[in-house]
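Enquirer: Using the numbering used here, the letters of the sequence shown map in sequence onto residues 13 to 586.
Take this structure, written in structure tokens, and hold onto it; I'll ask about it next.
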Amino acid sequence: MITDKAVAPAPTEEKKLTHNEGLKTAIPTLAGNIAATLNDSGAICFSTDDEQFLKFHGIYQQDDRDKRKTGKLYIWMIRGRIPGGVLSGPQYLVYDRLATNYGNQTLRITSRQSFQFHGVVKAGLGPLMKELNEAMMDTIAACGDVNRNVMSPPVPARNEIHKQLLVDATRVSEALMPKTKAYHSIWVDGVQLNLDEQQNKDFVDPLYGKTYLPRKFKTAFAVQPVNDVDVLTNCLGYIAIEENGKLIGYNLTVGGGLGRSHGNAETYPRIADVIGFVTPEQLIDVSKGVLTVHRDFGDRTNRKHARLKYVLEEKGAAWFRQELESRLGYKLAEAKPFKFTKQGDHFGWDTAADGSKFLGLYVETGRIKDKEGYRLKAALKLIAEKFAPEYRLTPSQNIILANIKAADEAAITKILAEHGVPVENQTSALRRASMACPSMPTCGLGLAESERYLPGLMGQIEGLLSEVGLTDHEIIIRMTGCPNGCARPYMSEIGFVGKGPGRYQMYLGGNEACTRLNKLHKDLIKDPEIIPELRNLFTRYAAERVGSERFGDWVERVLWKEQAAAASAAPAAN
Ligand code: SRM
Ligand code: SF4
Numbered sequence: 013m014i015t016d017k018a019v020a021p022a023p024t025e026e027k028k029l030t031h032n033e034g035l036k037t038a039i040p041t042l043a044g045n046i047a048a049t050l051n052d053s054g055a056i057c058f059s060t061d062d063e064q065f066l067k068f069h070g071i072y073q074q075d076d077r078d079k080r081k082t083g084k085l086y087i088w089m090i091r092g093r094i095p096g097g098v099l100s101g102p103q104y105l106v107y108d109r110l111a112t113n114y115g116n117q118t119l120r121i122t123s124r125q126s127f128q129f130h131g132v133v134k135a136g137l138g139p140l141m142k143e144l145n146e147a148m149m150d151t152i153a154a155c156g157d158v159n160r161n162v163m164s165p166p167v168p169a170r171n172e173i174h175k176q177l178l179v180d181a182t183r184v185s186e187a188l189m190p191k192t193k194a195y196h197s198i199w200v201d202g203v204q205l206n207l208d209e210q211q212n213k214d215f216v217d218p219l220y221g222k223t224y225l226p227r228k229f230k231t232a233f234a235v236q237p238v239n240d241v242d243v244l245t246n247c248l249g250y251i252a253i254e255e256n257g258k259l260i261g262y263n264l265t266v267g268g269g270l271g272r273s274h275g276n277a278e279t280y281p282r283i284a285d286v287i288g289f290v291t292p293e294q295l296i297d298v299s300k301g302v303l304t305v306h307r308d309f310g311d312r313t314n315r316k317h318a319r320l321k322y323v324l325e326e327k328g329a330a331w332f333r334q335e336l337e338s339r340l341g342y343k344l345a346e347a348k349p350f351k352f353t354k355q356g357d358h359f360g361w362d363t364a365a366d367g368s369k370f371l372g373l374y375v376e377t378g379r380i381k382d383k384e385g386y387r388l389k390a391a392l393k394l395i396a397e398k399f400a401p402e403y404r405l406t407p408s409q410n411i412i413l414a415n416i417k418a419a420d421e422a423a424i425t426k427i428l429a430e431h432g433v434p435v436e437n438q439t440s441a442l443r444r445a446s447m448a449c450p451s452m453p454t455c456g457l458g459l460a461e462s463e464r465y466l467p468g469l470m471g472q473i474e475g476l477l478s479e480v481g482l483t484d485h486e487i488i489i490r491m492t493g494c495p496n497g498c499a500r501p502y503m504s505e506i507g508f509v510g511k512g513p514g515r516y517q518m519y520l521g522g523n524e525a526c527t528r529l530n531k532l533h534k535d536l537i538k539d540p541e542i543i544p545e546l547r548n549l550f551t552r553y554a555a556e557r558v559g560s561e562r563f564g565d566w567v568e569r570v571l572w573k574e575q576a577a578a579a580s581a582a583p584a585a586n
């Protein structure tokens, strides 16, 4: 049975619990002093402790890093909870309006199918949150030591299976929501909870207990053969298994995660283990079971070592399965065979199984905005107003407009064209398969540029590929401004990970299905060295590739073998 009582022994050694554990214990409602500070017009920012509580409400306190020379300008980032990334047309309009009225005029599609508002000023924070909630949407648990936005394949192509997945993803998202009333009290009623009141002090979440999880927890659902959600990078993953076109259940995967820190070998990206098979009826119990194993066995003494992946790595998949089964009170069936062949999104018009039309649109680095000659934000708003399609956010930071009548296809294409947005030949194969995290100027953890740097670099890489006879060739390239891995660079064929201004680590060798971790190629490469290094690699790749071999597979077959041979030939150091 899944309970709120931790069953693992509390840490016995002298190791101290982290500061965040103390915060959660002291204020288990997660209210902090947020409402008081929010209502205090003289306060320019929240305390550092309240910053931690704000995360559970989907909010990050940031400062504009471009403005640091002239002092700290506080801004806030707000992330939605949008299970499966699906919004109705009217809901999309709310996001558009709030970004325009309170944010920096842009909407950022995230790598987990959500939207982020950036650049919200303090006076706008309360109204934005209130209006979002009044429109029956929320940001609960979009961040914090809880289950985050649950992913589900965005393409509506094979309707029945995909529909069921969205239903199940939403069910799991709801079941794993924290139950504190602080969120509504602060953001809807505008009232500070009385922290001295006994019932607030004694609050225990029925699932999470008093201190929630040791760290964030991520869940995704996938449909073979397209690994568009990068399922194996999640703490909890469900791979749909079908028989005769019907969903019979899911393979359960546990213990994926990507975050690492420079110079700390105890932190590393990890691919999930396949644990067993779960029927749709078992889904909620199993999800709660996996989450509570993290709750009870995750490391609460070191936030860098607190993710579920380390429990799996250290205790093993067999131990995990036994522990889960003992909580469930039944044995899991064995996992079924599965295979992913590719990742990524669908672009252009297509027809879903029910005959409705859908349109995949490329969004550069996930940023919906208007710029000279390319007014994507205005076009998407107009389309929502006139046709109210479904807006589906993809895990590769693109968008799909779905549930469209065939008769409306031409009019939607026309609106987009009038705003400079093509529906055919939207961009190169290289850009379609790329991702970058936001990094500067909003992310406080960014060490190097990412979102603002990758598009320019892509132009140069496109040129390089043409030079070696590989025009419009697809290579999965992902960039992040630091090693936390927000755009999942460790699963790409070429991954750039920020180390310092204009400096990156370069990883190579992921595969098309994003089921293989890449490996470090250069620990430090400076901005001007990137293109010469890629020129050497691409020249060899173009000459040596076998048939339609992908870049990542060539790296695996040739480059890593060479490196292994060179390493074994080198004289051993004494
Ligand atoms: Fe992330 C922290 C942005 C997906 C691993 N991530 C952050 C913060 C909130 C920075 C902070 O803590 O101050 C970034 C906000 C930047 C900004 O200005 O917007 C941030 N993460 C993002 C987004 C927006 C990147 C994007 O390009 O879309 C993604 C939001 C997803 C969502 O809607 O929930 C995002 N972050 C990810 C992913 C990818 C995924 O989940 O599929 C990862 C790697 C997978 C994983 O979790 O292992 C990821 N983010 C991290 C980490 C490292 C966690 C760790 O285990 O060490 C941090 C740092 C932390 O938590 O301390 C982080
Ligand atoms: Fe910020 Fe690093 Fe995540 Fe990029 S990868 S958004 S720099 S935390």
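Glycine included, C-beta positions come from ideal geometry on N, C-alpha and C.
Since we're looking at a predicted model, the values are computed, not measured.
Any heavy atom of the ligand SF4 closer than 6 angstroms to the CB of S126?
Expert: no
Enquirer: Identify every run of the alpha helix (DSSP H) within the region 423-501, keeping only runs that are complete inside it and at least 4 residues long; order them along the chain.
Expert: 441-444 and 466-479
Enquirer: Using the C-alpha atoms, what's the distance from L303 back to P40?
Expert: Distance between the alpha carbons of P40 and L303 is about 18 angstroms.
Enquirer: Under three-state DSSP, which class holds I152?
Expert: coil
Enquirer: Spatial neighbours of G96 within its chain, please: C-beta separation below 6 angstroms, excluding the five flanking residues on both sides.
Expert: S164, L178 and A181
Enquirer: On the DSSP letters alone, give me the boundaries of the beta strand (DSSP E) that H533 sits inside.
Expert: K531 to K538
Enquirer: I need the boundaries of the alpha helix (DSSP H) containing M141, first residue and last residue.
Expert: From DSSP, the alpha helix (DSSP H) with M141 extends over K134 to E146.
Enquirer: Given Y386, which residues of its chain have a CB within under 6 angstroms of its CB, disregarding the five upstream and five downstream residues?
Expert: G432
Enquirer: Excluding the 5 residues preceding and the 5 following I260 in the sequence, name in chain order all residues of the same chain whose CB lies nearer than 6 angstroms to its CB.
Expert: I253
Enquirer: Could you say if the region 255-269 and the region 64-74 meet the contact criterion of at least three C-beta pairs nearer than 8 angstroms?
Expert: These segments do not touch.
Enquirer: Does the distance from the C-beta atom of L264 to that of G288 stay below 7 angstroms?
Expert: yes
Enquirer: Which of helix, strand or coil does DSSP assign to H358?
Expert: coil
Enquirer: Exposed or buried, what is E146 when buried is set at 16 or more other beta-carbons lying within 10 Å of its beta-carbon?
Expert: E146 should be labelled exposed.
Enquirer: Between which two residues does the alpha helix (DSSP H) holding D180 run?
Expert: N171 to A187
Enquirer: So C455 and G493 are supposed to be a Cβ contact under 8 angstroms. How far apart are they, rounded?
Expert: 6 angstroms
Enquirer: Does the Cβ-Cβ distance between G221 and L244 come in under 7 angstroms?
Expert: no
Enquirer: Rounded to a whole number of angstroms, what is the C-alpha to C-alpha distance between G92 and M148?
Expert: 12 angstroms
Enquirer: Considering only the alpha carbon of each residue, which of N161, S123 and R80 lies closest to D357?
Expert: S123
Enquirer: Below 8 angstroms, can you find three or more Cβ-Cβ pairs linking the region 339-355 to the region 44-60?
Expert: no
Enquirer: Could you pull out every residue in the same chain whose Cβ sits closer than 7 angstroms to the Cβ of I251, ignoring the five residues on either side in sequence?
Expert: A234, Q236, V243, Y262, N263, T265 and F350
Enquirer: Given the structure, does A499 come close to the ligand SRM, in the sense that its CB is under 6 angstroms from one of the ligand's heavy atoms?
Expert: yes
Enquirer: Go ahead and label R312 buried or exposed: buried means 16 or more other beta carbons lie within 10 angstroms of its beta carbon, across all protein chains shown.
Expert: buried
Enquirer: Quick one: what does DSSP say Y107 is sitting in, helix, strand or coil?
Expert: helix
Enquirer: Would T83 and Y114 qualify as a contact pair, given that the criterion is a beta-carbon distance under 7 angstroms?
Expert: A small fix is needed here, since residue 83 is Gly in this sequence, not Thr. For G83 and Y114, no; Cβs fall outside 7 angstroms.
Enquirer: Considering only residues of the same chain and omitting the five flanking positions on each side of T30, which have a CB-CB separation below 6 angstroms?
Expert: R315
Enquirer: Whole angstroms are fine: how far does the CA of L459 sit from the CA of I537?
Expert: Going from the Cα of I537 to the Cα of L459 covers about 14 angstroms.
Enquirer: By the three-class DSSP mapping on this structure, what secondary structure does T30 have?
Expert: coil
Enquirer: Which of the three DSSP states, helix, strand or coil, is assigned to S197?
Expert: helix
Enquirer: Under the assumption that A47 contacts G156 (Cβ atoms under 8 angstroms), give the Cβ distance between them as a whole number of angstroms.
Expert: Rounded, the Cβ-Cβ distance is 17 angstroms, inconsistent with contact.
Enquirer: Going along the chain, which unbroken runs of the alpha helix (DSSP H) with 4 or more residues stay wholly within the region 209-268?
Expert: 210-213
Enquirer: With respect to 6 angstroms, is the separation between the Cβ of N496 and the closest non-hydrogen atom of the ligand SRM below this value?
Expert: Indeed, a heavy atom of the ligand SRM lies less than 6 angstroms from the Cβ.
Enquirer: Among T425, A579, N530 and P453, which one has its Cα closest to the Cα of I87?
Expert: P453
Enquirer: With a threshold of 8 angstroms, are at least 3 pairs of Cβ atoms found where one atom belongs to the region 276-290 and the other to the region 550-565?
Expert: no
Enquirer: Hey, how far is the Cα of A400 from the Cα of G360?
Expert: 18 angstroms
Enquirer: Using the three-state DSSP reduction, which class does P21 fall into: helix, strand or coil?
Expert: Residue confidence for P21 is low, a pLDDT of 49 falling below 50, so the modelled location carries little weight; the figure read from the coordinates is stated next. Three-state DSSP puts P21 in coil, outside helix and strand.
Enquirer: Does the distance from the CB of A79 to the CB of T223 come in under 7 angstroms?
Expert: Ala is not the amino acid found at residue 79; the sequence shown has Lys there. The beta carbons of K79 and T223 sit no closer together than 7 angstroms.
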